[in-house]
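Using the working numbering, read the sequence shown as starting at 275 and increasing by one per residue.
Note that beta-carbon positions come from the ideal geometry of N, C-alpha and C, so glycine has one too.
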Amino acid sequence: MAQLDQAIVLDWGWDPASVDETENVASDGFEFEGYNVYQKPSAEASLDNSVLLGTFDKENGVTTLLGIDLDVVSGIVLNVPQQVGSDFGIRRNLTISKDAVRGGPLVNGQEYYFAVTAYNRATGEASAVTTLESPGLLKITKPQDPPTGSRYGSDAAQVIAGTHTAGGSDGSATATVVDPTQTTGHDYQVTFGNDADGNVTWSLSDLTMNMTLVADQLDQTGTAVYIGADGFEIAVNGPPNGMKSWGAPETTLAASGSSLEDFVDASDHSSATRWYTWAEADFGAEGFSGAITGDVNNVWFEPSPVTAEDLRTVELRFTSVNEAEGEDQYKPLDLANENVSYAYRYLRGAGNDPPAQADMTSTTTPWDVSKYITNAEGPGIYVYQERVPIALSAWDVESVPPRRLAVGFLENNQPGGLVNGAYGPAFYNDAGNVAGGGPREWLFIFDADYTEQGNDNPVLTDFGLLPVNSGDASEPIIPIMWAVFAGRRIADRFPTDGFQFLLMANHVNTTADVFNLSVAGVETSDAFLAEDVKKITAFPNPYYGVNSAEVSRYNHFVTFSHLPNNVTIRVFDMSGTLVQKLEKDNNDQFLQWQLDNENGLPVASGMYFVHIDMPDHNKTKILKLAVVGEQQFLENF
């Protein structure tokens, strides 16, 4: 618990062992659900008479927990809310600056009372008791300034972004200060590694102390890990595998050599260049509303040798095609155009008989499909046919200069297919591009250099595409980087010269990435000390019969504030006689004098000199204090 200037930080997560026992140790028939934080009007007050400051419960869809209770007014047993959560998420600390009992801000030197409870829920549907709440863990605290001569270098809840000092990921590492009294001013570093299963892990090191604080963490979703001894939480974020976003140039006729700055992102859906659509093309992918994937675990074929860290942002550069419906639709108009690529063509259902022209459903101008089945037997499934020209090129634009990539596509030997030796999805309203009986004109972008026809890549020609879990592990794995399932957006919109489309890659954290950060610690100086000594005072001064903080007419006092840990206070009357000696050696900046002498009797009204000795700082200070006592009649003296 941190006592700050007009604020306090409740911290019930500083002990990992206690947290684990509370949250993870199973109790018969019950499971941990969340925490409640209360402010109590007094140390003795019950939770029913306290103010609930917050409920921090699991994000699991469980919110209100009902239970039976007796309505004292009607005498009827009712099913009423016992705990009311909101899927807020688990927190283990809370910064408080407002007085929820009396209203207004917290006041330095005033005692406040808080309680933290844990509650659980019954796991059995027929349980008579649906939830149990622990007794409140009482916390008594006083807001106060930093220790004499010191200043906190960080603020509670301050967020410190790590500096990405190595690597090129889209990840981040962020520290959030919990307890400014514990921050050290050390330098920290987040690095990444791989576990035995190849998963990316992260670790946090204290560079100043040359020690590892957290090791081999898998969670990269921003879940905070509390470094209690150093007063902050660390959260590491890594983007998911695959597609980050997509983009298209701002103008229809943007030059195919345009820079990435010429592109608008997915928030602009009005770009005239976009002829792709996700409508009727959602195949459960992570990008383009389900219609594009760069996730190596989601390419729908055998796991690609392309790793998540190999994924690159790719620019598709299109050229004009034959738009007339029929056998030549989508075939490039100009084979000499620099953006025409010879793509690797694969066929689904190659061993099936070709559909009769009268049975073709995705075109009003049928043709003889049989001449486009050049290989009916394999090897593999989704059998390789031949290399044919298609009206696009694919470029890894993260390479300098941009690297041209090999491309391929799939056709579907079905009555609803468009098997014509050219890549081109149908208008989505005529035929969905992911249906088993539809065109399935799918584009593949390979992590392989583009080569001209005749210089074919044997991995792409000698082996077919294998569906997921085909069980055939004897063949090389085709290096699919991107798979595009998208359809045609508008019936009369086809790619033309200058059309472009950008597939933006998420760059995951890798072993090459490093984040550095520093969390400022407590600072001390002679200047701070001199400034703080000036703040030492007595309240109220003058004391005029009563102190607003007194709760009994028999308990009169003044409070000395802004004191260092080790202090001796001597009170003298005007004649120089020692009236009272007070001593303190703790981190409480406040000390009360009960307006009594060394014999325990009330002092007389008058002026007093207060000598304050601060041996740890080699400082002294003298105050003048006026006391006007109320009239009292002592029964014993």
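- Residue range 800–809 is occupied by the alpha helix (DSSP H) that includes E805.
- When secondary structure is reduced to three states using DSSP, H781 falls in the coil class, being assigned neither helix nor strand.
- A check of alpha carbon separations from G521 across Q456, F557, T587, D569 identifies T587 as the nearest.
- In the DSSP assignment, Y462 forms a beta bridge with D480, L791.
- Collapsing the DSSP output to three states places A396 in a strand.
- For L679, the pairing in a beta bridge is given by DSSP as A668, D723.
- Leaving aside the five residues that flank E576 on each side, the residues in its chain whose CB is nearer than 6 Å to its CB run, in chain order, L740, I751.
- Residue pairing for W867: DSSP places it in a beta bridge opposite V832.
- Put simply, the segment 869–876 does not touch the segment 768–787. Fewer than three CB pairs are less than 8 Å apart.
- Per DSSP, P769 is not a residue of any beta strand (DSSP E), being assigned neither H nor E.
- Contact between the segment 508–515 and the segment 724–731 is absent, with fewer than three C-beta pairs closer than 8 Å.
- Taken through DSSP and simplified to helix, strand or coil, Q280 comes out as coil.
- Contact between F304 and L411 is ruled out by a C-beta separation of about 19 Å, above the 8 Å threshold.
- If you draw a straight line from the Cα of A389 to the Cα of V311, it comes to about 6 Å.
- The Cβ neighbour count for Y817, taken over all protein chains shown within 10 Å, is at least 16; the residue is labelled buried.
- Of the residues assessed, Q631 falls on the exposed side of the cut-off, its CB having fewer than 16 other CB atoms within 10 angstroms.
- According to DSSP, W641 shares a beta bridge with no other residue.
- Counting other Cβ atoms within 10 Å of its Cβ, K605 reaches 16 or more and is therefore classed as buried.
- The shortest CA-to-CA distance from N382 to any of A392, P454, S371, V375 is the one to S371.
- Here the alpha carbon of G698 sits roughly 6 Å from the alpha carbon of E715.
- Counting along the chain, the unbroken beta strand (DSSP E) around S446 starts and ends at 446–451.
- As a beta-bridge residue in DSSP terms, E797 pairs with R425.
- G564 sits in a helix when the DSSP states are folded into three classes.
- Selection G308, N815, R622 evaluated against G654 yields R622 as nearest (Cα-Cα).
- For G695, the secondary structure class from DSSP, reduced to helix, strand or coil, is coil.
- Short of 8 Å from the beta carbon of I896, and not among the five residues preceding or following it, lie these beta carbons of its own chain, in chain order: F883, V884, H885, I886.
- Relative to the Cα of A794, the nearest Cα in the group Q905, V433, V671, L666 belongs to V433.
- Sequence-distant Cβ neighbours of I810 in its own chain, meaning closer than 8 Å and more than five residues away, are F834, S835, H836, L837, I886, K895, L897.
- Per DSSP, the unbroken beta strand (DSSP E) holding S615 starts and ends at 615–622.
- Assignment of T735 by DSSP, reduced to helix, strand and coil, places it in the helix class.
- Judged by beta-carbon spacing, H460 lies beyond the 7 Å limit of T439, meaning their Cβ atoms are not closer than that value.
- DSSP, read as helix, strand or coil, puts E407 in strand.
- A residue is called buried once 16 or more other Cβ atoms fall within 10 Å of its Cβ, and P732, having fewer, is exposed.
- Scanning H781, S879, N703 for the CA closest to the CA of E583 turns up H781.
- Among the bridge pairs identified by DSSP, Q313 is matched with V325, F388.
- Boundaries of the alpha helix (DSSP H) harbouring E295: 290–298, taken from the DSSP string.
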